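Residue numbers (this note's numbering): 139 to 264. Take a look at the structure below.
Written as C-alpha cells, this is what we have:
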C-alpha cells in the first residue's frame, strides 16, 4: 500500500476549494441572471470516498487494482425551495456564507501544511 501523504491530501483539498470558490463566484456573478441555477461542488468527503489507495503489482502475474481518479464535479445545487420570481435559485446570503467557509478552510489547510513543514524541517536539521 502507498502511504497517505499529508501534503498530497492538503493539495487535493486546496484544488477542491479552488473549484468550489470558482463555482460560488459564478453563482454570485449570475445572481441577477433570469433562469440561472446555482451550482456547487460535491462535498470533499465524497471525493475522498472515491479515492482508493492501490496495491503495487511487483510481478507480471499479479492482479492490478488501480486507484480511482478523484475529479471534482460541479453540479446544480440541491433545491432548497427558494426561487426568485425570475426563476433564479441564487440566494446571495447563502453564497456569501459558503465563500466564508471556503476562506476559513483555505486558512486551516495552509496552517496545517505550514506546521507539518516546520516539523519536517526541524526533524531534518537535527
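For glycine and all other residues, C-beta sits at the position ideal for the given N, C-alpha and C. For clarity, every value in this text was computed on a predicted model and none was experimentally measured.
- DSSP three-state assignment for residue 185, whether helix, strand or coil: helix
- Evaluate residue 255 with the Cβ neighbour count: other Cβ atoms within 10 Å of its Cβ, from every protein chain shown; 16 or more gives buried, anything less gives exposed. exposed
- Is the segment 167 to 179 in contact with the segment 224 to 242, if contact means three or more CB pairs nearer than 8 Å? yes
- Task: Helix, strand or coil for residue 226, going by three-state DSSP, please let me know.
- Result: coil
- Query: The beta strand (DSSP E) spanning residue 179 covers which residue range?
  - Reply: 177 to 179
- Task: Assign residue 236 to buried or exposed, taking buried as 16 or more other Cβ atoms, counted over all protein chains shown, within 10 Å of its Cβ.
- Result: buried
- Message: Need the endpoints of the beta strand (DSSP E) that residue 214 sits in, please.
- Response: 212 to 214
- Pick helix, strand or coil for residue 171, following the three-state DSSP scheme. coil
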